[in-house]
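Undergrad:
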Amino acid sequence: MGPYAAAYERSLGDPARFWAEAARDIRWRTPPERVLDDGAAPFYRWFTGGELNTCENALDRHVEQGRADQLALIYDSPVTGTQARFTYRELRDETARFAGVLRGLGVERGDRVILYLPMIPQTVVAMLACARIGAVHSVVFGGFSPRELAVRIDDAQPKVVVSASCGIEGSRVIEYKPLLDEALERATHKVGDCVIVQRPQAHATLVSGRDVDWDHAMADARPTECVPVAATDPLYILYTSGTTGRPKGVVRDNGGHAVALRWSMTNVYGVSAGEVFWAASDVGWVVGHSYIVYAPLLAGCTTVLYEGKPVGTPDAGAFWRVAAEHRVNALFTAPTAIRAIKKEDPEGRLLKPHDLSALRTLFLAGERLDPGTYEWATQILGRPVIDHWWQTETGWPIVANLRGLEPMRIKAGSPSVAVPGYDVRVMLPEGAVAPPGVEGDIAIRLPLPPGTLLTLWRDDERYVESYLSRYPGHYLSGDGGTIDEDGYIRVLGRTDDIINVAGHRLSTGVMEEVLCAHPSVAEAAVVGVRDELKGQVPRGFVVLKSGTDVDEPTLRGELVRAVREQIGPVAAFKEVAVVQALPKTRSGKILRGTMRGIADGDDVAVPSTIEDATVLDHLRPILRPPQRQP
Numbered sequence: 001m002g003p004y005a006a007a008y009e010r011s012l013g014d015p016a017r018f019w020a021e022a023a024r025d026i027r028w029r030t031p032p033e034r035v036l037d038d039g040a041a042p043f044y045r046w047f048t049g050g051e052l053n054t055c056e057n058a059l060d061r062h063v064e065q066g067r068a069d070q071l072a073l074i075y076d077s078p079v080t081g082t083q084a085r086f087t088y089r090e091l092r093d094e095t096a097r098f099a100g101v102l103r104g105l106g107v108e109r110g111d112r113v114i115l116y117l118p119m120i121p122q123t124v125v126a127m128l129a130c131a132r133i134g135a136v137h138s139v140v141f142g143g144f145s146p147r148e149l150a151v152r153i154d155d156a157q158p159k160v161v162v163s164a165s166c167g168i169e170g171s172r173v174i175e176y177k178p179l180l181d182e183a184l185e186r187a188t189h190k191v192g193d194c195v196i197v198q199r200p201q202a203h204a205t206l207v208s209g210r211d212v213d214w215d216h217a218m219a220d221a222r223p224t225e226c227v228p229v230a231a232t233d234p235l236y237i238l239y240t241s242g243t244t245g246r247p248k249g250v251v252r253d254n255g256g257h258a259v260a261l262r263w264s265m266t267n268v269y270g271v272s273a274g275e276v277f278w279a280a281s282d283v284g285w286v287v288g289h290s291y292i293v294y295a296p297l298l299a300g301c302t303t304v305l306y307e308g309k310p311v312g313t314p315d316a317g318a319f320w321r322v323a324a325e326h327r328v329n330a331l332f333t334a335p336t337a338i339r340a341i342k343k344e345d346p347e348g349r350l351l352k353p354h355d356l357s358a359l360r361t362l363f364l365a366g367e368r369l370d371p372g373t374y375e376w377a378t379q380i381l382g383r384p385v386i387d388h389w390w391q392t393e394t395g396w397p398i399v400a401n402l403r404g405l406e407p408m409r410i411k412a413g414s415p416s417v418a419v420p421g422y423d424v425r426v427m428l429p430e431g432a433v434a435p436p437g438v439e440g441d442i443a444i445r446l447p448l449p450p451g452t453l454l455t456l457w458r459d460d461e462r463y464v465e466s467y468l469s470r471y472p473g474h475y476l477s478g479d480g481g482t483i484d485e486d487g488y489i490r491v492l493g494r495t496d497d498i499i500n501v502a503g504h505r506l507s508t509g510v511m512e513e514v515l516c517a518h519p520s521v522a523e524a525a526v527v528g529v530r531d532e533l534k535g536q537v538p539r540g541f542v543v544l545k546s547g548t549d550v551d552e553p554t555l556r557g558e559l560v561r562a563v564r565e566q567i568g569p570v571a572a573f574k575e576v577a578v579v580q581a582l583p584k585t586r587s588g589k590i591l592r593g594t595m596r597g598i599a600d601g602d603d604v605a606v607p608s609t610i611e612d613a614t615v616l617d618h619l620r621p622i623l624r625p626p627q628r629q630p
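Mapping of the sequence shown onto UniProt numbering: residues 1 to 630, in sequence order.
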């Protein structure tokens, strides 16, 4: 039995013992009384009776153990032309002072603090400062609309909001303060104080008696020590979109979160203390929480905070420049970022000037990794490209090729195998476990491992209804897929991306793979559109690689034939359009559901998470052409 198989078997056969061993890498103020508490199932709790402080484990512990002068945080901002570096000692001291600022504003253990900030060092400091005093932070993506921010303020009921004068998206300066002011007026819950980071690109007008300037507050702040909290106390609330219009606040605990993320850095990512880890994401998303801020620091690594884009800041070589300049050992980003780079620089010419000898591995997650993108990235980088799959709700990988535990054979199109702790199954509609290769709903048998969601903020009933009711004793992921004879899991996308064509259940993700395999296509989306005869029919949308000169009717014919040949006539794939861009969330997910709703003629609201609403505006006439007059 290899290292992976042995670890996986132990994690399911004796989870308490398995995670007790992992918990030795965390400093505890009070050791846990029970590792796994199942007394209130399905509300399982990890490390009950234990006390710790997440900030202490991320900063103070390393300072005391000889890493005081090691770099903890590298800030790289091509949009402002600035960089900054913080050692573990410097980041601890900044965090301790801002914890003092929050304490001076009356924030205590258990109070909530909303962070509405861009990708700047103060954001990392504010998150860690909340953890330091036992406050619960909720990061809201900078630039979210006042309405969406107000909804989150009313749900979390924060004592303080921390924001900035502006954020920078590419070449655009987005002033946050007017958005914050409107949100505070809209919200029913009244916030006591706001701390504002003034940036050179825009100066915010402060409201007397409510708003506090970050720099002024820090100048007078007294450092605050770490406050021990219960392992089961919440560390943060992270909102994910809900189907009812009300966002779902995923609650993460302190103890299980620290143990799982620390374990994942060594075993999933194969990264050790002192090495450089870069998650090219945003702190508004779960990747930013887990793998920009917490996991790298818990493991004693150097983490990179990047304020920029994969393309356009200034070009498609930006990622390679950052990786080379900061000697990044592991890079984690979304497939959509690599597709954007591939579109702009299909030959990889912008990579060649950069020394990537330190880079061992490229990790991709956040959306399905199509084989074409995997093969392109593997070819130009000449090193492992590792797909893995997880969710906001889980907080760390469910399925992965565990580079630190036992690197495995890569199967293009699969994020590999279940991570220890996750008993992953594919379920059929009647509740039976699907045989190998048969498609169904991906679910995870309870209990979920440490670090996953405890519940939804102030809504246990919705938690059970959303995740635990479809298959009793299991967590429903919302994704469909298969497991093969070797245990490799293939994630085919959200279950609402499975379409029904004349009684045949077909994955739009598989069709997208076929489209992306064409040498002229950079990325693709397929959505199922209502059809009176067949129920649904697929429609494809493709973005071409930069510099591609093709005859569009010929290309469309080639793409339709490819789908018919590789999937079959049953797919009824007849329509594909060439578009300039696909509508996406700021985390890179294609808004297929929104596209489908527009094509079906539904009254679809533009999602608050959309990156560029003009892309959707340009696409509307293609999705739903105007009706011809009789």
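We put the beta carbon where it would ideally sit given N, CA and C, even for glycine. Note that the coordinates shown come from a computational prediction; the quantities given were computed from them, not determined experimentally.
If you run the structure through DSSP and keep just helix, strand and coil, what is A131?
TA: Looking at A131 - three-state DSSP - the assignment turns out to be helix.
Undergrad: Less than 8 Å between C-beta atoms, sequence neighbours within five positions excluded: which residues of the same chain meet that for D617?
TA: For D617, where only same-chain residues beyond five positions count, there are no Cβ hits under 8 Å.
Undergrad: So, are the CB atoms of D76 and V304 less than 8 Å apart?
TA: For D76 and V304, yes; Cβs fall inside 8 Å.
Undergrad: Looking at V527: is its Cβ nearer than 8 Å to the Cβ of R624?
TA: Cβ distance not < 8 Å, so V527 and R624 don't count as in contact.
Undergrad: Is the CB-CB distance between T240 and P247 below 8 Å?
TA: In this structure, P247 lies closer than 8 Å to T240 by Cβ.
Undergrad: Exposed or buried, P429, counting other C-beta atoms within 10 Å across all chains shown (16 or more means buried)?
TA: Exposed: under 16 other Cβ atoms inside 10 Å.
Undergrad: Pull up the distance between the alpha-carbon of D441 and that of A577, whole angstroms please.
TA: About 30 Å.
Undergrad: Should M1 go down as buried or exposed, given a rule of 16 or more other Cβ atoms within 10 Å for buried?
TA: Result: exposed.
Undergrad: Return the first residue and the last residue of the alpha helix (DSSP H) that V160 is part of.
TA: Premise fails: V160 lies in the beta strand (DSSP E), V160 to A164, not in any alpha helix (DSSP H).
Undergrad: Leaving aside the five residues before and after P31 along the sequence, list all residues of the same chain whose C-beta is less than 7 Å from its C-beta, in chain order.
TA: For P31, where only same-chain residues beyond five positions count, the Cβ hits under 7 Å are G50.
Undergrad: Can you check DSSP and say which residues form a bridge with F332?
TA: In the DSSP output, where bridge partners are listed per residue, F332 has A279 and F363.
Undergrad: Name the residue from A5, S477 and A187 whose alpha carbon lies nearest to the alpha carbon of A156.
TA: Among A5, S477 and A187, the Cα nearest to that of A156 is on A187.
Undergrad: Quick one: give me the first and last residue of the alpha helix (DSSP H) that T48 is part of.
TA: Taken as a continuous stretch (DSSP letters only), T48 belongs to no alpha helix (DSSP H), being part of the beta strand (DSSP E) at R45 to T48.
Undergrad: Please report the distance separating the alpha-carbon of C516 from that of A135.
TA: Roughly 45 Å separates the two Cα atoms.
Undergrad: How far does the alpha helix (DSSP H) with A316 in it extend, from its first residue to its last?
TA: From DSSP, A316 is part of no alpha helix (DSSP H); its letter is neither H nor E.
Undergrad: By Cβ distance, which residues of its chain are closer than 6 Å to L128, with the 5 residues on each side in sequence left out?
TA: If we look at L128 and ignore the five residues flanking it on each side, its Cβ neighbours are C55 and T95.
Undergrad: Specify the secondary structure class of Q201 as computed by DSSP and reduced to three states.
TA: Q201: coil per DSSP, three-state reduction.
Undergrad: Quick one, are the C-beta atoms of G480 and T361 less than 8 Å apart?
TA: The answer is no: Cβ separation not under 8 Å.
Undergrad: Under the rule that 16 or more other beta-carbon atoms within 10 Å means buried, what is V570, buried or exposed?
TA: Classification of V570: exposed, given that the 10 Å Cβ count is below 16.
Undergrad: Looking at the structure shown, is G451 part of a helix, part of a strand, or coil, going by DSSP?
TA: G451: coil per DSSP, three-state reduction.
Undergrad: So, P436 versus D484, is the Cβ gap smaller than 8 Å?
TA: Their beta carbons are under 8 Å apart, which means P436 touches D484 by this criterion.
Undergrad: For L179, does the three-state DSSP call read helix, strand or coil?
TA: Note: L179 maps to helix in three-state DSSP.
Undergrad: Between the Cα of A330 and those of D345, Y475, I410 and M265, spot the shortest distance and give me the residue it belongs to.
TA: Nearest C-alpha to A330: M265.
Undergrad: In the structure shown, what three-state DSSP assignment does V563 receive?
TA: In this structure, V563 counts as helix in the three-state DSSP scheme.
Undergrad: Out of curiosity, what's the CA-to-CA distance linking R628 and A340?
TA: Because R628 sits at a pLDDT of 39, beneath the cut-off of 50, its placement in the model cannot be relied upon, and the following sentence gives the value as read from the coordinates. About 36 Å.
Undergrad: Less than 8 Å between the beta carbons of T508 and V438, yes or no?
TA: Taking 8 Å as the Cβ cut-off, T508 and V438 do not qualify as a contacting pair.
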